Amino acid sequence: MATFEKIEKELNDAKDGLNKTEEKLKEFEEGSKEKKIWDLEEKLDDGEERNEEQRKGSRQPPSGKSQQPSSSSGGTSSSTSGKTSGKQNMEAQSFNYGDFKYISILSAGENNKVLECEFYGKPIVLKCTALSKKPNCLDELLNEVEIYGVLAKLQGMYIPELLFYGDLANGMSFIMGLKFVGSTLYHHNINIWQKERALSVLKKIHDCKVLHNDIREENIL
Numbered sequence: 001m002a003t004f005e006k007i008e009k010e011l012n013d014a015k016d017g018l019n020k021t022e023e024k025l026k027e028f029e030e031g032s033k034e035k036k037i038w039d040l041e042e043k044l045d046d047g048e049e050r051n052e053e054q055r056k057g058s059r060q061p062p063s064g065k066s067q068q069p070s071s072s073s074g075g076t077s078s079s080t081s082g083k084t085s086g087k088q089n090m091e092a093q094s095f096n097y098g099d100f101k102y103i104s105i106l107s108a109g110e111n112n113k114v115l116e117c118e119f120y121g122k123p124i125v126l127k128c129t130a131l132s133k134k135p136n137c138l139d140e141l142l143n144e145v146e147i148y149g150v151l152a153k154l155q156g157m158y159i160p161e162l163l164f165y166g167d168l169a170n171g172m173s174f175i176m177g178l179k180f181v182g183s184t185l186y187h188h189n190i191n192i193w194q195k196e197r198a199l200s201v202l203k204k205i206h207d208c209k210v211l212h213n214d215i216r217e218e219n220i221l
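full-length UniProt numbering puts the first residue of the sequence shown at 1, with every later residue one more than the last.
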């Protein structure tokens, strides 16, 4: 009888954890619409002014756009200095395992995995965190999504593009889908030019008042 009661208690605790996860996702969606975004808008306005000046001065596109090293934001320890509010153009979605075609594991930790997958025929990187094992990390994951919003103007050029985020299998895991842009520098010899370009990308991230806090070769593409 004691064993049955213990199992029943664990099931109830798991249900409570999933309910809290759903509530936090809803709160994040509602709260993100009401957050102040003046800081990011000011940066975007400055960027538009600089782009306008460049268009007037020269019609040539920026050189080497497709060859810039990108920060993969591989860790979830990224933080902003000051405000973390950003313009969020997407909402959390719910996904099933059947939405993805598994290809390979790029990295794996105790509670998370980074997978190479296909999402309806398109190659993506899928970051998965098991909320059933670590429900308290949801705030940190939502903060990472928000940071991608702050870095919106760098996505696709200097950092991977965030395609979607939400829950997998009825809240069992939190996932983020990123555009696949290539392998990391972990298994490659890095030359001086690549190091300089990586530092340049890192400076652009810092200019947006964001600290990565996990700079490693496996987190640079």
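C-beta: ideal position from N, C-alpha, C; glycine also.
Bear in mind that the values here come from a model prediction, so they are computed numbers and not experimental data.
Hey, could you find the ends of the alpha helix (DSSP H) residue i is sitting in?
i      : result
GLY149 : 138-150
ASP207 : 192-207
With burial defined as no fewer than 16 other Cβ atoms inside 10 Å of the residue's Cβ, what is the status of residue i: buried or exposed?
i           : result
residue 224 : As displayed, the chain neither begins before 1 nor continues past 221, which places residue 224 out of reach and without an answer.
TYR102      : exposed
LEU11       : exposed
GLU5        : exposed
LEU138      : buried
TRP92       : At residue 92 the sequence reads Ala, which differs from the Trp that was named. That one is buried.
ASP13       : exposed
THR167      : Just to set this straight, residue 167 is Asp in the shown sequence, not Thr. Buried, by the Cβ-count rule.
residue 293 : It is not possible to answer for residue 293, since the shown part of the chain is limited to 1 through 221.
GLN144      : The sequence given here has Glu at residue 144, not Gln. GLU144 comes out buried.
ILE147      : buried
PHE100      : buried
For the putative contact between residue i and residue j, defined by C-beta atoms under 8 Å, what is the C-beta separation to the nearest angstrom?
i      : j      : result
ASN112 : ALA169 : The Cβ separation is near 15 Å, so there is no contact.
TYR165 : GLY177 : 7 Å
LEU115 : LEU131 : LEU115 to LEU131, Cβ: 16 Å. No contact.
PHE174 : LEU151 : PHE174 to LEU151, Cβ: 19 Å. No contact.
LYS204 : LEU154 : 6 Å
GLY171 : LEU18  : 5 Å
ILE124 : PHE180 : 5 Å
The ligand ADP heavy atoms versus the CB of residue i: any closer than 6 Å?
i      : result
LEU138 : In the structure shown, the ligand ADP is absent, as is every other ligand, since no ligand is present at all.
From which residue to which residue does the beta strand (DSSP E) around residue i run?
i      : result
ALA93  : Strictly speaking, residue 93 in this sequence is Gln, with Ala absent from that position. Here the beta strand (DSSP E) through GLN93 covers 93-95.
PHE119 : 112-119
ALA108 : 100-108
LEU126 : 122-130
PHE164 : 162-168
LEU178 : 173-179
Say whether the segment 154-162 touches the segment 193-208, bearing in mind that this needs 3 or more beta-carbon pairs closer than 8 Å, one atom from each stretch.
-> Contact between the segment 154-162 and the segment 193-208 is present: three or more C-beta pairs spanning the two stretches fall below 8 Å.
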